[in-house]
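To start, the structure under review is shown below, and the notes come after it.
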Amino acid sequence: MTDTHTHILPAMDDGAASVEESLKLLSALALQGVNQVAATPHFKPSTNESIDSFLARRNESEALLRQAMEGRTDLPQLHIGTEVTLSVELSQFEGLEKLCYKNGNFLLIELDPFTVGSWIPRALYDISNRLLLTPVIAHIDRYLGDDVSPKLIEEIMKLNCPVQFNGYALAKFNKRRQLLKIMNRHPDTIFVVGSDCHNIHLRPPAMDVFEKKAMKHLGEDFFDEICENSRLMLTGELIT
Ligand SMILES: [Fe+2]
Numbered sequence: 006m007t008d009t010h011t012h013i014l015p016a017m018d019d020g021a022a023s024v025e026e027s028l029k030l031l032s033a034l035a036l037q038g039v040n041q042v043a044a045t046p047h048f049k050p051s052t053n054e055s056i057d058s059f060l061a062r063r064n065e066s067e068a069l070l071r072q073a074m075e076g077r078t079d080l081p082q083l084h085i086g087t088e089v090t091l092s093v094e095l096s097q098f099e100g101l102e103k104l105c106y107k108n109g110n111f112l113l114i115e116l117d118p119f120t121v122g123s124w125i126p127r128a129l130y131d132i133s134n135r136l137l138l139t140p141v142i143a144h145i146d147r148y149l150g151d152d153v154s155p156k157l158i159e160e161i162m163k164l165n166c167p168v169q170f171n172g173y174a175l176a177k178f179n180k181r182r183q184l185l186k187i188m189n190r191h192p193d194t195i196f197v198v199g200s201d202c203h204n205i206h207l208r209p210p211a212m213d214v215f216e217k218k219a220m221k222h223l224g225e226d227f228f229d230e231i232c233e234n235s236r237l238m239l240t241g242e243l244i245t
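Residue numbers (our numbering): 6 to 245.
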């Protein structure tokens, strides 16, 4: 399997605090059957950190982790991306394209529940049409049923961006029901999966749970399709 969304880079954000913890998360993912994983640390425009300063920190953290992974053939292959929080003016950020997954033009974008509003579809549209980047909506399951109105979710879905969901959401009855509804209503949307793991104890990876629940509730073909789309997104070969 492929995990498109994690916080495994050491000391980058609210994810892994150290290289040791990063390695534990990678080992856990490998045991769960993951062979490709993307590290997607948070970039939040509200912190006023520049993209270049963020990338300098990310490069340093990535280098530390890669050094520690050297010779470890038991660990998944590491890809790099960013989880960017959407803001009204995000499309005007100089160098936004540098935050895409390293292969291709896919940009993982999360919504901030405190600023959710009708401006969101336009901001996403600007990113895809002005900058020609492909927004990937991060953990859509998180917005179903609470923070975001169903009408707004529909407007976002109509933009036809790839949509990432957290695999573990399939283990929760209500989230699963809402997710299945969205999947059925939008059969042409590309869905990719991530664990969104942050640490070993409180927010651990659970891709084994995803596999089990997806096989049961989505069926083997759709499970395979999600896994393949996830892999192709990281290699930059996904056609949208
Ligand atoms: Fe995340």
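Glycine residues also receive a C-beta, built at the ideal position from the N, C-alpha and C atoms. These numbers were taken from a predicted model, which means no experiment stands behind them.
Spatial distance of residue i from residue j (CA atoms)
{"i": "Phe196", "j": "Ala176", "result": "17 Å"}
{"i": "Val141", "j": "Gly100", "result": "18 Å"}
{"i": "Ile132", "j": "Gly109", "result": "15 Å"}
{"i": "Phe215", "j": "His222", "result": "10 Å"}
{"i": "Ile231", "j": "Leu237", "result": "10 Å"}
{"i": "Asn204", "j": "His12", "result": "8 Å"}
{"i": "Ser58", "j": "Leu95", "result": "17 Å"}
{"i": "Thr7", "j": "Leu136", "result": "27 Å"}
{"i": "Lys29", "j": "Leu239", "result": "22 Å"}
For residue i, the three-state DSSP class (helix, strand or coil)
{"i": "Asp300", "result": "Not covered by the structure: residue 300. The range shown for the chain is 6 to 245."}
{"i": "Thr139", "result": "strand"}
{"i": "Leu112", "result": "strand"}
{"i": "Thr9", "result": "strand"}
{"i": "Phe98", "result": "coil"}
{"i": "Ile85", "result": "strand"}
Residues of its chain near residue i, where Cβ-Cβ distance is below 7 Å and the 5 sequence neighbours each way are ignored
{"i": "Tyr130", "result": "Leu164"}
{"i": "Trp124", "result": "Val93"}
{"i": "Asn126", "result": "Per the sequence shown, the amino acid found at residue 126 is Pro instead of Asn. Glu160, Ile161 and Leu164."}
{"i": "Met220", "result": "Phe228"}
Same chain, Cβ closer than 6 Å to residue i, neighbours up to 5 away in sequence not counted
{"i": "Ala86", "result": "In the sequence as presented, Ala is not what sits at residue 86; that position holds Gly. Same-chain partners within the cutoff: Ala43, Thr45, Tyr106 and Leu113."}
{"i": "Val153", "result": "Val121"}
{"i": "Leu149", "result": "Gln183"}
{"i": "Glu65", "result": "none"}
Nearest to residue i (by Cα), restricted to the options the options
{"i": "His144", "options": "Ala128, His206, Asp201 and Arg71", "result": "Asp201"}
{"i": "Asp213", "options": "Ala33, Glu88 and Glu26", "result": "Ala33"}
{"i": "Thr194", "options": "Ala174, Lys186, Tyr173 and Val168", "result": "Val168"}
{"i": "Pro5", "options": "Lys103, Leu138 and Thr90", "result": "Residue 5 falls outside the range modelled here, since the chain spans only 6 to 245, and no answer is possible."}
{"i": "Arg147", "options": "Leu116, Ala128 and Cys166", "result": "Leu116"}
Cβ-based neighbour list, residue i, same chain, cut-off 8 Å, excluding 5 preceding and 5 following
{"i": "Ile62", "result": "Going by the sequence as given, residue 62 is Arg instead of Ile. Around Arg62: Met17."}
{"i": "Val182", "result": "A small fix is needed here, since residue 182 is Arg in this sequence, not Val. Excluding residues within five positions, none has a Cβ falling inside 8 Å."}
- Enumerate, from N- to C-terminal direction, the unbroken alpha helix (DSSP H) stretches of 4 or more residues contained entirely within the segment 157–241. As far as the segment 157–241 is concerned, its whole alpha helix (DSSP H) runs of at least 4 residues are 178–190, 212–222 and 225–240.
- Message: Please give the ranges of any beta strand (DSSP E) in the segment 12–70, keeping only runs that are unbroken, at least 3 residues long and fully inside the region.
- Response: The qualifying runs are 41–44.
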